[in-house]
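S.K.:
Numbering (the working numbering), first residue to last: 114 to 483.
Pasting the structure below:
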């Protein structure tokens, strides 16, 4: 191979690599490394977990690369079809879905899929597309239309029941509506209305959802049952102290007191082994992730890309905040993983897709400028 051929190969590789945003990729890579180290300790009794997670990460990076290659204009054209298919699949789940552990969340098309995951990206795509079309002439009626578009999938997801995913989809759509210019007066009015309707909302919650709220208030009322998760996770978080017990030395996790320690409660394992200093480092990495995403949103050239980038960035924030909050005992326990750390393929794919969209917005902004 001569020098010219080497240059051609290098240009080809470089043209593919530049689709990744360097800063965002580095931050995600560092969080993934922290996650793999923690997963090795948390999953030491589950052979193959780390290997499976590495495979999930590789698939997520492929998804990220594909999304980063698609121009925002193309994403905008697919917003309505993706949203429509997502809602149709949610309706199909309600009618023909697979029931597991009392929840109807999945449907079998040869492969078993969870359509609610699609809406985490489809929802902000749809609303960003809608407000882009109404740019410069948005009225209060448009916010009502957006609220209706949001309420349909959220209602179907909560009905499954899946309060965790429903909360994430609701948050994703709300962020778009808020960034589109929703008045603070309306927000205050909504807050008052939600507060006034709490008795009604409480009455429509499922028994297990009400129990989770009650366990948040007093987990010691059922220490070996519904309160077990919160009690053990808060013990693990507190026992880590300032410096932590050390990698592979967490007693709560290795003695199997922490349930779901490789997935939703992996933060408890991390806190016990790396302590407050480790938590500060992890929070710093997540802060960098949010800051980079918001920077991409602020510099985006169109209303569609600004709304979409801002919503995806705050989805990452919501994932982290809700997960750390429930593990620390300040929020009810819901099925929300810690982004880029918890074991699992579906959530990583969603996060990879969202990260790729952010990179696409940043990359094509640079192309427009040049």
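Backbone N, C-alpha and C fix where the C-beta goes; we use that ideal spot for every residue, glycine too.
(1) Taking DSSP as the reference, what is the three-state secondary structure of residue 212?
(2) Would you give the residue range spanned by the alpha helix (DSSP H) that residue 369 belongs to?
(3) Touching or not, the segment 419-430 and the segment 390-398, by the rule of three or more beta carbon pairs under 8 Å?
(4) Between the C-alpha atoms of residue 409 and residue 419, what's the straight-line distance to the nearest angstrom?
(5) Is residue 225 helix, strand or coil when you go by DSSP?
(6) Given that a residue counts as buried once 16 or more other Cβ atoms are within 10 Å of its Cβ, and exposed if not, what is residue 414?
(7) Determine whether the beta carbon atoms of residue 464 and residue 445 lie at a separation below 8 Å.
(8) Measure the Cβ-Cβ separation of residue 461 and residue 170 and say whether it is below 8 Å.
(9) What three-state label does DSSP hand residue 219 in the structure shown?
(10) How close, in whole Å, do the beta carbons of residue 440 and residue 346 come, if the pair is a contact with beta carbons under 8 Å?
(11) Could you compute how far the alpha carbon of residue 231 sits from the alpha carbon of residue 312?
(12) How far does the alpha helix (DSSP H) with residue 485 in it reach, from first residue to last?
(13) Under 8 Å, with one C-beta from each stretch per pair, do the segment 180-193 and the segment 136-148 reach the 3-pair mark?
(14) In chain order, which continuous runs of the alpha helix (DSSP H) of length 4 or greater are located wholly inside the segment 322-391?
(15) Within a Cβ cutoff of 6 Å, which residues of the same chain sit near residue 406, ignoring the five residues on either side of it in sequence?
(16) Could you give the uninterrupted runs of the alpha helix (DSSP H) lying entirely in the segment 150-189, keeping only those of 4 residues or more?
(17) Report buried or exposed for residue 135, applying the criterion of at least 16 other Cβ atoms within 10 angstroms of its Cβ.
(18) Going by the beta-carbon positions, is the gap between residue 179 and residue 469 smaller than 8 Å?
(19) Given residue 265, which residues of its chain have a CB within under 8 Å of its CB, disregarding the five upstream and five downstream residues?
(20) Closest by CA to residue 388, which one among 315, 349, 295?
M.R.: Let me lay it out:
(1) strand
(2) Note, residue 369: premise wrong, no alpha helix (DSSP H); not H, not E.
(3) no
(4) 8 Å
(5) strand
(6) exposed
(7) no
(8) yes
(9) Correct three-state label for residue 219: strand.
(10) 5 Å
(11) 31 Å
(12) This structure cannot speak to residue 485, because the chain is shown only from 114 to 483.
(13) no
(14) With a minimum length of 4 residues, the continuous alpha helix (DSSP H) runs that stay inside the segment 322-391 are 341-352, 364-367.
(15) 426, 471
(16) Entirely contained in the segment 150-189, the alpha helix (DSSP H) runs reaching 4 residues are, in chain order, 162-182.
(17) exposed
(18) yes
(19) Only 200 meet the Cβ criterion.
(20) Residue 349 holds the alpha-carbon nearest to the alpha-carbon of residue 388 among 315, 349, 295.
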